[in-house]
Amino acid sequence: MTSQQTGSPSAAGHQFPAGSDAFPHRHLLGIAGLQPWELLFLLKEAEQWVDLNRKSSKHVDRLDGLTVINAFFENSTRTLLSFEIAGKRMGADVVNMHAAQSSVKKGETLIDTAVTLNAMRADAIVIRHRSSGAVQLIADKVDCPVLNAGDGSHEHPTQALLDALTIQRRKGDISGLTITICGDVMHSRVARSNIYCLTTLGARVRVCAPTSLLPAALDRMNVEAFSNFEQALDGADVVMMLRLQNERMNGDFIPSPREFHHLYGLTRERLALAKPDALVMHPGPMNRGVEISSDIADDPDRSAITEQVEMGVAVRMACLDVLTRRSRGVEGWS
Amino acid sequence: MKQLFTNARVLIPGEITPQTVSVEIEGDRIVGVGATIAPDGHDVVDCQDQLLAPGIIDLGVFAIDKPAFHFGGITRAALMPDQSPALDLPAMIKHNASEGKPDLWSHPLAAATKGLLGNELAEIGLMKQAGARAVATGRNWIGDSGIMLKLLHYCRSLDMPVIVHSEDSGLTAGAVATAGETATRLGLPSAPASAEALSIARDIALVRESSAHVHFRQVTTAQGLDLIRAAKAEQLPVTCGITPAHLFLSDIATSDFRTFARLSPPLRSEDDRTACLDAIKDGTVDVISSGHDPRGPEDKRLPFAEAESGMAGAETLLALSLNLVRDGIIDMHRLFELLATTPAKILGVKAGQIFKGYEADLIVIDPEAPWQVDTRKMAASAGNTPFDKLPVQGRVRAIYKGGKAL
């Protein structure tokens, strides 16, 4: 590989191991277990794609001739679109399988589907599934790299990488930042991947939710748990809001959306408790007026929400590139 | 024709260590145990100084799986009522009671409620007449305390023990793991370990009301065991059991979403696991059983939360339990109380010990023989064991059901 242009301060100053030693994994199933330099390597690789994506001609032929299958067993709009654009901008043939709408159900069919996709000789498979661990199950049955696009409440690694890239470009080195993640932590794969990613990169991570939406043993994950949003916001560099699923807002975990907004909604008054230049993030899609007020979400000085979407394409391009280097015979990637 | 087992180290009642005595069999019964029985007129079985123990009585299996039972030295198995359909009618009890005979005796457990739904009492009295020796709530807890109390009163009058599952279903609804670091990291729906203590506390209160004998089939948490300990101190008629999985594995075994480690109740924290070992040592636990539940790929090759719970445990029951003796937690005599004598007492069968007048269900064991658990080479109808590749010691060299070699 030719060396890339400068990335963020932390990535730029970092010396990465040569060739595949920089990222020795076959799949990207989660952030858990990845080393800090492996995360920084992917972020550094993504920078070039941010630049490309801002040009009028957004195409390279790096993945020319490769087939990427997006197998989405759970509905998704933005993640699917983001992966599709990422693959196409690098010249891959991208095929989308909307398994959530097809006859594919649970049962042996999941393994059968994996075997079928494998027989079609995909060069990379991107999978989203409603059940934690499902993507790993499929990865064990196929010969090509598998990218986890979200499995149950487990992990959503490219979301964490795009969030890290967004933070890094705005704030510089992630190490030492105080980052507050607020919302349905218990059911959120975005929260888990971000906790792994940001703590690995040296951030102080706080999570905040009513205790009914906080999973057990969070202290074992190097995060500080809060139920009082004001305390959790105090002095934060980044405030990351999570989406509250509709089905959990009406009496099951939360009495009502308006009560949630009253206690945990990010308003301008609450944001004032964070650092003056604190960055606001949300993985989307937002429930405006529930977890976040519209005037915050739409404030370009504070909100990085659209930038997150932009970084998403670049990060996914980097992941597809890095994970297919072995099969493409890139020098040093054996 | 009489048989005489000689040169055996025999586990006999009242002796802590195995004694070198002979065991005399006539028909299907043990007729003598002693050092001085003359071999004349007997078929002599030379045990070559190996251990002679009562056949294992496996209290609470989900399938009659003869090859696995025979490999594991199990001569009797109490079959859970969770069959398809549930064992809630006398005819089903009768059918299942004769299924394994003569080389394996199955003791079908009567479903406590119709269809095991927890709503209406099943015909327990008629099922008793058809051969049921105990009642079971199945894989689930009976959530309605009113139904549970009526069940216990009724079973008390029939003098039948009630074998219960101990997890508060309100807390465990949708859960597939115990709440803790592992479930949090994996993003699995989980329930707090106190779901077990809650259900045990209620059932103990109802035992106090009814004086019925309740056997808590699997108690797997420190809190739950504390409640059992206190109830026993109060002289309440309660007993409890456990499987080797909860003694030797914690929830860490599920870390890579391994569905073979998905059990019900789920594997617990390391602290709970050590509490279980303590409860074996201090006598709080009465029974060790396999929970044998063979499951094929259609049930197990699935995402963790969608897979069925259960493990094939019959083949590894003895070898894993022998670890308790090797580790000095209990002696060999106590081990066979847990594996055979107490289960026999709960079922009310004259078996489970080597004693005059008892059924000649015997196993010859080489307690040191090494082997390796291998999911691909199991005798069971499916190889779903969380102990795959584990080196273990202890093999059954011969098995006799009612005096007949199998």
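Chains as they are written, first to last, in the numbering used here: chain R, 3 to 336; chain W, 3 to 408. Beta carbons: idealized from backbone N, C-alpha and C, even for Gly.
So, residue i versus residue j, is the Cβ gap smaller than 8 Å?
{"i": "SER252 (chain W)", "j": "ARG264 (chain W)", "result": "no"}
{"i": "LEU322 (chain R)", "j": "VAL70 (chain R)", "result": "yes"}
{"i": "ALA384 (chain W)", "j": "GLY298 (chain W)", "result": "yes"}
{"i": "MET3 (chain W)", "j": "ASP30 (chain W)", "result": "no"}
{"i": "CYS278 (chain W)", "j": "THR222 (chain W)", "result": "yes"}
{"i": "HIS167 (chain W)", "j": "ARG231 (chain W)", "result": "no"}
{"i": "LEU89 (chain W)", "j": "MET150 (chain W)", "result": "no"}
{"i": "LEU123 (chain W)", "j": "LYS152 (chain W)", "result": "yes"}
{"i": "GLY140 (chain W)", "j": "LEU160 (chain W)", "result": "no"}
{"i": "PRO83 (chain W)", "j": "ALA132 (chain W)", "result": "no"}
{"i": "PRO15 (chain W)", "j": "PHE357 (chain W)", "result": "yes"}
{"i": "ASP297 (chain R)", "j": "ARG250 (chain R)", "result": "no"}
{"i": "LEU244 (chain R)", "j": "VAL311 (chain R)", "result": "no"}
{"i": "PRO212 (chain R)", "j": "ARG28 (chain R)", "result": "no"}
{"i": "ARG208 (chain R)", "j": "ALA166 (chain R)", "result": "no"}
{"i": "PRO92 (chain W)", "j": "GLU198 (chain W)", "result": "no"}
With a cut-off of 8 Å, does the C-beta of residue i fall near any C-beta of chain R?
{"i": "SER266 (chain W)", "result": "no"}
{"i": "GLU308 (chain W)", "result": "yes"}
{"i": "ALA197 (chain W)", "result": "no"}
{"i": "PHE262 (chain W)", "result": "no"}
{"i": "THR222 (chain W)", "result": "no"}
{"i": "PRO20 (chain W)", "result": "no"}
{"i": "GLY189 (chain W)", "result": "yes"}
{"i": "PRO388 (chain W)", "result": "no"}
{"i": "PRO305 (chain W)", "result": "yes"}
{"i": "GLY298 (chain W)", "result": "no"}
{"i": "ALA218 (chain W)", "result": "In the sequence as displayed, the identity of residue 218 (chain W) is Phe instead of Ala. No, PHE218 (chain W) does not count as interfacial toward chain R."}
{"i": "SER159 (chain W)", "result": "no"}
{"i": "THR174 (chain W)", "result": "no"}
How far does the beta strand (DSSP E) with residue i in it reach, from first residue to last?
{"i": "LEU238 (chain W)", "result": "No beta strand (DSSP E) holds LEU238 (chain W); DSSP gives it neither H nor E."}
{"i": "PRO246 (chain W)", "result": "Here PRO246 (chain W) belongs to no beta strand (DSSP E); instead the alpha helix (DSSP H) covers 246-250."}
{"i": "ASP48 (chain W)", "result": "44-48"}
{"i": "ARG206 (chain R)", "result": "206-210"}
{"i": "HIS131 (chain R)", "result": "126-131"}
{"i": "ARG11 (chain W)", "result": "4-12"}
{"i": "THR261 (chain W)", "result": "Looking at the DSSP string, THR261 (chain W) is not in any beta strand (DSSP E), and its letter there is neither H nor E."}
{"i": "SER108 (chain W)", "result": "107-110"}
{"i": "LEU2 (chain W)", "result": "Look at the range of chain W in this structure, 3 to 408, and you will see that residue 2 (chain W) is not part of it."}
{"i": "GLY314 (chain R)", "result": "Careful: GLY314 (chain R) lies outside any beta strand (DSSP E), inside the alpha helix (DSSP H) at 307-325."}
Looking only at DSSP bridge pairs, what is residue i linked to?
{"i": "LYS406 (chain W)", "result": "W:LYS403"}
{"i": "GLY237 (chain R)", "result": "According to DSSP, which records beta bridges pairwise, GLY237 (chain R) is partnered with nothing at all."}
{"i": "PHE218 (chain W)", "result": "W:VAL166 and W:CYS242"}
{"i": "GLN374 (chain W)", "result": "W:PRO393"}
{"i": "VAL289 (chain W)", "result": "W:GLY243"}
{"i": "SER192 (chain W)", "result": "W:ALA179"}
{"i": "GLU226 (chain R)", "result": "R:ARG208"}
{"i": "ASN248 (chain R)", "result": "None, per the DSSP bridge assignment."}
{"i": "ASP95 (chain R)", "result": "R:THR69"}
{"i": "ALA185 (chain W)", "result": "ALA185 (chain W) is not bridged to any residue."}
{"i": "PHE74 (chain R)", "result": "R:HIS100 and R:ARG130"}
Could you tell me whether any Cβ in chain W is nearer than 8 Å to the Cβ of residue i?
{"i": "MET99 (chain R)", "result": "no"}
{"i": "GLN1 (chain R)", "result": "Since the first residue shown for chain R is 3 and the last is 336, residue 1 (chain R) is missing from the structure and cannot be characterised."}
{"i": "HIS16 (chain R)", "result": "no"}
{"i": "MET3 (chain R)", "result": "Because MET3 (chain R) carries a pLDDT of 38, less than 50, the predicted location of this residue cannot be relied on, and the following value inherits that uncertainty. It does not: the Cβ of MET3 (chain R) has no partner Cβ on chain W nearer than 8 Å."}
{"i": "LYS108 (chain R)", "result": "At LYS108 (chain R), the pLDDT of 49 sits below 50, so the modelled position is not reliable; the number obtained from the coordinates is stated separately. LYS108 (chain R) counts as touching chain W."}
{"i": "ILE113 (chain R)", "result": "yes"}
{"i": "GLN37 (chain R)", "result": "no"}
{"i": "SER134 (chain R)", "result": "yes"}
{"i": "HIS263 (chain R)", "result": "no"}
{"i": "ALA20 (chain R)", "result": "no"}
{"i": "MET288 (chain R)", "result": "no"}
{"i": "ALA219 (chain R)", "result": "yes"}
Along the alpha helix (DSSP H) that carries residue i, what are the first and last residues, could you check?
{"i": "CYS146 (chain R)", "result": "Premise fails: CYS146 (chain R) is in no alpha helix (DSSP H) and is neither H nor E."}
{"i": "THR201 (chain R)", "result": "191-202"}
{"i": "HIS72 (chain W)", "result": "68-73"}
{"i": "GLU26 (chain W)", "result": "Where GLU26 (chain W) is concerned, there is no enclosing alpha helix (DSSP H), although the beta strand (DSSP E) it sits in stretches over 21-28."}
{"i": "ASN98 (chain W)", "result": "92-99"}
Any 3 or more C-beta pairs closer than 8 Å across the region 147-164 of chain R and the region 186-202 of chain R:
Cβ pair count under 8 Å is three or more, so yes.
Using 8 Å as the cut-off, can you tell me whether the region 286-294 of chain W makes contact with the region 332-343 of chain W, which would need three or more C-beta pairs spanning the two stretches below that distance?
yes
Would you say the region 144-152 of chain R touches the region 64-83 of chain R, given that touching needs at least three Cβ pairs under 8 Å?
yes
Would you be able to state if there are at least three C-beta pairs under 8 Å between the region 284-296 of chain R and the region 212-226 of chain R?
no
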